[in-house]
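Novice: I have a structure here, written as structure tokens, and I will follow up with some questions on it.
Number of protein chains: 2
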Amino acid sequence: MESAQVVTALSALAQPTRLAIFRLLVVCGPEGMAAGQLAEKLQVSPANMSFHFKTLNHAGLIVNRQDGRFVYYAANFAAMNEMLAYLTENCCAGSGDGCDVPVGKCG
Amino acid sequence: MESAQVVTALSALAQPTRLAIFRLLVVCGPEGMAAGQLAEKLQVSPANMSFHFKTLNHAGLIVNRQDGRFVYYAANFAAMNEMLAYLTENCCAGSGDGCDVPVGKCG
DNA sequence: CAGTTATTTTAATAATTGTTTAATAATTTA
DNA sequence: TAAATTATTAAACAATTATTAAAATAACTG
């Protein structure tokens with residue numbers, strides 16, 4: 589994953605409503621949840637939800653599928669994991685699991 | 589960790605220069621790196637660096653200590669891990685490690 | 001103390017972002 | 001086909017954010 593993509597993904601999550609949407613979808617699993625149901629649960633207007641869905645979608649963090657007149661949204665777990673991996677890559681120069689190394693790797 | 593704090597942390601990282609700063613510091617480990625050295629490595633003006641340090645600091649993602657006339661910045665690994673945990677909390681309703689569950693948890 | 005190096009602050013400007021309202025699109029039901 | 005439901009789009013406005021240049025602060029050196 590490249591820096592620009594990660595910035596886009598982080599920007600998408602750096603907003604209260606979108607973070608709440610994403611977290612609900614992470615809990616839901618691959619089947620996802622209907623747009624209207626999310627809107628009701630989060631007390632957000634449909635138009636505003638659509639705006640935020642678009643942002644999350646563009647960032648690759650969620651996917652959607654139409655089912656009748658409902659649109660189901662689900663978290664993209666692969667994208668999430670890649671983003672998290674990017675942040676922790678080569679943590680403490682790869683020395684030790686919990687980053688408990690007292691000595692740094694930079695001068 | 590609360591939603592507002594996580595939003596602040598994600599906002600802080602959702603910017604190319606700050607993401608680059610943070611990643612360098614993650615690799616460096618607890619000892620960190622001097623402000624000027626980071627500025628040179630990333631080809632960013634000192635004033636601009638200070639602005640971004642402030643943002644990352646306010647978000648709790650980095651810490652700093654003075655050493656002579658240098659200021660060393662280091663990643664706050666605890667804060668980073670809390671933020672990552674917040675995103676994956678109750679992933680797929682806690683059923684299975686890799687979120688490979690084909691059936692969702694929401695209706 | 002004067003000079004140098006390292007970093008931060010301030011002020012100004014340019015660009016991006018979130019919310020609301022109203023209108024539009026797609027799908028189902030009668 | 002017409003009405004109802006679900007969701008998206010477009011336009012407008014308010015608010016926030018990033019960058020630059022100049023000035024200020026802090027710490028060391030001779």
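Line by line, the protein sequences are chains A and B. Remember, my numbering sits 588 above the position in the first sequence when you count from 1. Remember, my numbering sits 588 above the position in the second sequence when you count from 1. No residue lacks a Cβ here, since even glycine has one placed at the ideal position from N, Cα and C. Quick caveat: nothing in here was measured; it's all calculated off a predicted structure.
Going along chain A in order, which residues have a C-beta closer than 7 Å to the C-beta of B:S599?
Specialist: On the second sequence, residue 599 of chain B is found 11 positions in, with the first residue counted as 1. The answer, in chain order, is A602.
Novice: Determine whether the Cβ of B:E670 lies closer than 9 Å to any Cβ atom of chain A.
Specialist: Numbered from 1 along the second sequence, position 82 holds the residue referred to as residue 670 of chain B. Output row for B:E670: interface = no.
Novice: Which residues of chain A have a Cβ atom closer than 9 Å to the Cβ of B:V614, listed in chain order?
Specialist: For the purposes of this step, residue 614 of chain B is taken as the residue at position 26 of the second sequence. Here the neighbours are L675, T676, E677, N678, C679, C680, C687.
Novice: Using Cβ-Cβ distances below 7 Å, what residues of the segment 623–636 of chain B are close to chain A?
Specialist: Listed by position along the chain: nothing, the set is empty.
Novice: Report yes if the C-beta distance between B:A602 and A:A602 is below 9 Å; otherwise report no.
Specialist: In the second sequence, residue 602 of chain B corresponds to position 14, counting from 1. In the first sequence, residue 602 of chain A corresponds to position 14, counting from 1. Going by C-beta atoms, B:A602 is nearer than 9 Å to A:A602.
Novice: Could you give the distance in angstroms between the alpha-carbon of B:M637 and the alpha-carbon of A:E677?
Specialist: The sequence position of residue 637 of chain B within the second sequence is 49, counting from 1. The sequence position of residue 677 of chain A within the first sequence is 89, counting from 1. Computed Cα separation, rounded: 22 Å.
Novice: Where does the unbroken beta strand (DSSP E) through B:R653 begin, and where does it stop?
Specialist: Position 65 of the second sequence, counted from the first residue, corresponds to residue 653 of chain B. It spans 650–655 - the beta strand (DSSP E) in which B:R653 sits, taken as one unbroken run.
Novice: I'd like to confirm the pairing. Which residues does DSSP put opposite A:M621 in its beta bridges?
Specialist: Sequence index remark: in the first sequence, residue 621 of chain A carries index 33 (1-based). In the DSSP output, where bridge partners are listed per residue, A:M621 has A:Y661.
Novice: Quick check on B:G682: does DSSP put it in helix, strand or coil?
Specialist: Position 94 of the second sequence, counting from 1, holds the residue named residue 682 of chain B. Here B:G682 sits in helix by DSSP.
Novice: Run the CB neighbour count on B:F639, radius 10 Å, all protein chains shown included, and call it buried at 16 or more, exposed below.
Specialist: Here residue 639 of chain B is taken as the residue at index 51 of the second sequence, counted from 1. When all chains shown are included, B:F639 counts as exposed.
Novice: Compute the distance between the beta-carbons of A:N669 and A:A662, then report whether it is under 9 Å.
Specialist: Mapped onto the first sequence, residue 669 of chain A falls at position 81. Mapped onto the first sequence, residue 662 of chain A falls at position 74. No.
Novice: Anything in chain B within Cβ reach of A:A608, meaning under 8 Å, just list it in chain order.
Specialist: Position 20 of the first sequence, counted from the first residue, corresponds to residue 608 of chain A. Chain B residues near A:A608: S591.
Novice: Listing by chain order, which chain B residues have their CB less than 8 Å from the CB of A:G656?
Specialist: Position 68 of the first sequence holds residue 656 of chain A. The contacting residues do not exist; A:G656 stays about 14 Å from chain B at best.
Novice: Among A:A600, A:L675, A:S683, A:F610, which residue has its Cα nearest to the Cα of A:M589?
Specialist: Stepping through the first sequence from its first residue, residue 589 of chain A is reached at position 1. Closest option to A:M589, Cα to Cα, is A:L675.
Novice: Within 9 Å (strictly less), CB to CB, does B:R653 reach chain A?
Specialist: Position 65 of the second sequence, counting from 1, holds the residue named residue 653 of chain B. Cβ-Cβ to chain A under 9 Å: no for B:R653.
Novice: Helix, strand or coil for A:E677 per DSSP?
Specialist: For the purposes of this step, residue 677 of chain A is taken as residue 89 along the first sequence, with counting starting at 1. Of the three classes helix, strand and coil, the one that applies to A:E677 here is coil, per DSSP.
Novice: Taking the alpha-carbon positions, what's the A:D655 to A:T605 distance?
Specialist: Taking the first sequence and counting its residues from 1, the one referred to as residue 655 of chain A is at position 67. Taking the first sequence and counting its residues from 1, the one referred to as residue 605 of chain A is at position 17. The alpha-carbon atoms of A:D655 and A:T605 are separated by roughly 24 Å.
Novice: To the nearest angstrom, report how far apart A:G682 and B:G617 are at their CA atoms.
Specialist: Taking the first residue of the first sequence as position 1, residue 682 of chain A is located at position 94. Taking the first residue of the second sequence as position 1, residue 617 of chain B is located at position 29. Distance between the alpha carbons of A:G682 and B:G617 is about 9 Å.
Novice: Does the beta carbon of A:V595 come closer than 9 Å to any beta carbon on chain B?
Specialist: Within the first sequence, the letter at position 7 stands for residue 595 of chain A. A:V595 counts as touching chain B.
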